[in-house]
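S.K.: The sequence shown begins at 0 in numbering that gives the first Met the number 0 and counts up one residue at a time.
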Amino acid sequence: MPKKLFIETLGCQMNVRDSEHMIAELNAKEPYEMTSDSSEADLIIINTCSVRERPVHKLFSELGLFNKKKKVGAKIGVAGCTASHLGKDIIKRAPYVNFVLGARNVSKIAEVVEKDKSVEIDINYDESDFAFKDFRSSTYKAFINISIGCDKSCTFCIVPKTRGDEISIPVDLIVNEAKKAVDAGAKEIFLLGQNVNNYGRRFSGEHEKVNFTELLRRVSAVEGVERVRFTSPHPLHMDDEFIEEFAKNPKICKSMHVPLQSGSTKVLQEMKRGYTQEWFLNRINKLREMVPEVSISTDIIVGFPGESDADFEETMMVSKKVRFEQMFSFKYSPRPHTEAAEYTNAVDPEVASQRLHQLQEFQDSVVDDVMHSQVGKTMEVYFEELRSDGHISGRSDNNFLVKIKGSEDLLGQLLKVKIISAARMSLNGEPLA
Ligand code: SAH
Ligand code: F3S
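(1) Please tell me whether, using a cut-off of 7 Å, the distance from the CB of residue 233 to the nearest non-hydrogen atom of the ligand F3S is below it.
(2) Taking DSSP as the reference, what is the three-state secondary structure of residue 373?
(3) Pick helix, strand or coil for residue 159, following the three-state DSSP scheme.
(4) Among the residues of its own chain, which have a CB less than 6 Å from the CB of residue 382, if the five just before and after it don't count?
(5) Taking the alpha carbon of residue 357 as the point to measure from, which residue in 318, 98, 343 and 182 has its own alpha carbon closest?
(6) Quick check: residue 25 and residue 120, are their CB atoms within less than 8 Å of each other?
(7) Which full runs of the beta strand (DSSP E) of 3+ residues lie inside the stretch 176-209, going along the chain?
(8) Can you tell me which of the three DSSP states residue 399 falls into?
(9) Around the Cβ of residue 396, are there at least 16 other Cβ atoms within 10 angstroms (buried) or fewer (exposed)?
(10) Applying the 10 Å Cβ sphere with the 16-neighbour rule, what's the burial state of residue 71?
(11) Throw me the rounded Cβ distance for the residue 346 and residue 380 pair, which I believe falls under 8 Å.
(12) Just verifying my parser: in three-state terms, what is the DSSP assignment at residue 273?
(13) Closer than 7 Å to a non-hydrogen atom of the ligand F3S - does that hold for the CB of residue 158?
(14) Which same chain residues end up closer than 6 Å to residue 192 when comparing Cβ atoms and leaving out the 5 residues on each side of it in sequence?
(15) In its own chain, which residues sit with a C-beta less than 8 Å from the C-beta of residue 296, not counting the 5 before and 5 after it?
(16) Residue 219 lies in the alpha helix (DSSP H); which residues open and close that run?
(17) If you run the structure through DSSP and keep just helix, strand and coil, what is residue 168?
(18) Determine the contact status of residue 219 and residue 197, defining contact as a CB-CB distance below 8 Å.
(19) Within 10 angstroms of its Cβ, does residue 45 collect 16 or more other Cβ (buried), or is it exposed?
(20) Tell me, please, whether the stretch 56-67 touches the stretch 26-36 by the rule of three or more beta-carbon pairs shorter than 8 Å.
(21) Roughly how far, in whole angstroms, is the beta-carbon of residue 416 from the beta-carbon of residue 407, given that I think they are within contact range, below 8 Å?
(22) Give the C-beta separation of residue 131 and residue 106 to the nearest angstrom, bearing in mind that I take them to be a contact with Cβ-Cβ under 8 Å.
(23) How would you write the range of the alpha helix (DSSP H) that residue 336 sits in, first residue to last?
(24) Pairs of beta-carbons, one from the stretch 203-210 and one from the stretch 218-235, closer than 8 Å: are there three or more?
(25) DSSP three-state label for residue 64, please.
(26) Which whole-angstrom value describes the C-beta separation of residue 22 and residue 6, a residue pair presumed to lie in contact below a C-beta threshold of 8 Å?
(27) Would you kindly report the start and end of the unbroken beta strand (DSSP E) that includes residue 296?
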């Protein structure tokens, strides 16, 4: 009987891909069967996120529950960003944890499982040219990492301390991954990195120097690749060459996540983001001019230390000008090992909550307008998911979630769909004959 593996993945898409890598490496050593019930698992892994504070508290209460319900002899491991920054303290606080594996040490998973109480969290470890074994949770869409770590030092962000310096993954390894994914049935490639358009600044060892724009060309030229997506670009590195390639390359899906963080140039400086409000708006204008159908999503932090009412109004103003198709907004959360955690000019939590509410209320109204204005349009949708109610769903080229009536046989197909109605989260359509 194969062993059973339960893995819970929190946080970003890079974590999703890291979990797939762990499953692949474990399976290469001995076969595992996946389970969604931790109490029947032989191995329980939580792949954690530490970008905001809440999940850290949640981690220990969850670990306690897993331990209580686990099968006799089952092992528990903590992986990901929280593993990187808490390290052996996790085992101190939860002594039943068998191993701790940092976000930059994924390739060591099969080793650490064997050694009780092992803690592998070296943030200088370089696995940028490690050829991971294959495992993908979706047949249709393939996540591919293009870099590890992050070279920026945004003062609010813990990621550079948990994932280390940025190193690009060699282009031939990425192209090879894309070919394998296509052979296994994927039409869509999703390139992942903390800062994708900084690709190519540093490789470890002798590798062909290719920038992000060229990487996009190479990946979209792979036979069988019909769609390319990526996340996230950094506004600072959105040069004309990149925007032009995005606009004219028909394989690149016309949606982009462009994290603004704040609309106030003063706050952006305090965050060390490296761009101004004007630069951000200039890039968005160029993008919207060149690609009128583009949908743009963003991340916003409210209540960053020192954010005044006037600064927040700048964020509101930029949101009103851009009218992002989607927004992920958060209250600032001080993180260990970050510069901003030392700042003494915290915003009153009540004020921060009120600002978040105001921003989200405005954004909801934008989303309602955006969704309703899609009715009557024709979109090309790539169907990936079977829903329980006789429907299937997928993403339009510009990233709207679209549902139609249909069954399994339509999964993996790109179909032209006419939109007939809209809700806040998704659109309903009918395929064109
Ligand atoms: N480079 C990544 C960012 C990773 S963190 C990217 O571009 O996607 C994801 C998001 O979490 C950030 O964009 C930011 O909006 C939010 N975030 C990061 N640190 C935070 C903090 N300390 N408090 C609140 N939100 C934070
Ligand atoms: Fe974090 Fe800024 Fe890098 S948000 S992941 S330090 S680009």
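All C-beta atoms, glycine included, are put in the ideal place defined by N, C-alpha and C.
M.R.: In brief:
(1) Residue mapping note: residue 233 aligns to position 234 of the sequence shown, counting from 1. True, at least one ligand heavy atom lies under 7 Å from that Cβ.
(2) In the sequence shown, counting from the first residue as 1, residue 373 sits at position 374. Note: residue 373 maps to coil in three-state DSSP.
(3) Position 160 of the sequence shown, counted from the first residue, corresponds to residue 159. Residue state, collapsed to three classes: helix.
(4) For this step, residue 382 is matched to residue 383 along the sequence shown. The answer, listed in chain order, is 391, 393, 409, 410 and 412.
(5) Within the sequence shown, numbered from 1, the residue matching residue 357 stands at position 358. Among 318, 98, 343 and 182, the Cα nearest to that of residue 357 is on 318.
(6) For the purposes of this step, residue 25 is taken as the residue at position 26 of the sequence shown. For the purposes of this step, residue 120 is taken as the residue at position 121 of the sequence shown. The answer is no: Cβ separation not under 8 Å.
(7) 187-191
(8) Against the sequence shown, residue 399 aligns to sequence position 400. Here DSSP, grouped into helix, strand and coil, assigns residue 399 to coil.
(9) Looking up residue 396 in the sequence shown gives position 397. Buried, by the Cβ-count rule.
(10) Numbered from 1 along the sequence shown, position 72 holds the residue referred to as residue 71. Label assigned to residue 71: exposed.
(11) Your numbering for residue 346 matches position 347 in the sequence shown. Your numbering for residue 380 matches position 381 in the sequence shown. About 42 Å separates the two Cβ atoms, so there is no contact after all.
(12) To locate residue 273, count along the sequence shown from 1; it is residue 274. Correct three-state label for residue 273: coil.
(13) On the sequence shown, position 159 is the one that residue 158 refers to. Checking the Cβ of residue 158 against the ligand F3S gives yes.
(14) If you number the sequence shown from 1, residue 192 lands on position 193. Taking residue 192 as the centre and dropping the five residues before and after it, the same chain places the C-beta of 145 and 146 closer than 6 Å to its C-beta, in chain order.
(15) Stepping through the sequence shown from its first residue, residue 296 is reached at position 297. Correct list, in chain order: 254, 255, 256, 257, 323, 324, 325, 326, 327 and 398.
(16) Taking the sequence shown and counting its residues from 1, one reaches residue 219 at position 220. Residue 219 -> alpha helix (DSSP H) spans 211-219.
(17) In the sequence shown, residue 168 corresponds to position 169, counting from 1. Correct three-state label for residue 168: coil.
(18) By 1-based counting over the sequence shown, the position of residue 219 is 220. By 1-based counting over the sequence shown, the position of residue 197 is 198. For residue 219 and residue 197, no; Cβs fall outside 8 Å.
(19) Start at 1 with the first residue of the sequence shown, and residue 45 comes out as number 46. Buried is the call here.
(20) no
(21) Counting from one through the sequence shown, the residue named residue 416 turns up at place 417. Counting from one through the sequence shown, the residue named residue 407 turns up at place 408. Contact doesn't hold; Cβ gap of about 17 Å is too wide.
(22) Here residue 131 corresponds to residue number 132 of the sequence shown, with the count starting at 1. Here residue 106 corresponds to residue number 107 of the sequence shown, with the count starting at 1. About 7 Å; that satisfies the 8 Å criterion.
(23) Counted from its first residue, the sequence shown places residue 336 at position 337. Neither: residue 336 is in no alpha helix (DSSP H) and is coded neither H nor E.
(24) no
(25) Within the sequence shown, numbered from 1, the residue matching residue 64 stands at position 65. Here residue 64 sits in helix by DSSP.
(26) Here residue 22 refers to the residue found at position 23 of the sequence shown. Here residue 6 refers to the residue found at position 7 of the sequence shown. Indeed they touch by this definition, with Cβ atoms about 7 Å apart.
(27) The count along the sequence shown starts at 1 and reaches residue 296 at position 297. Residue 296 -> beta strand (DSSP E) spans 294-301.
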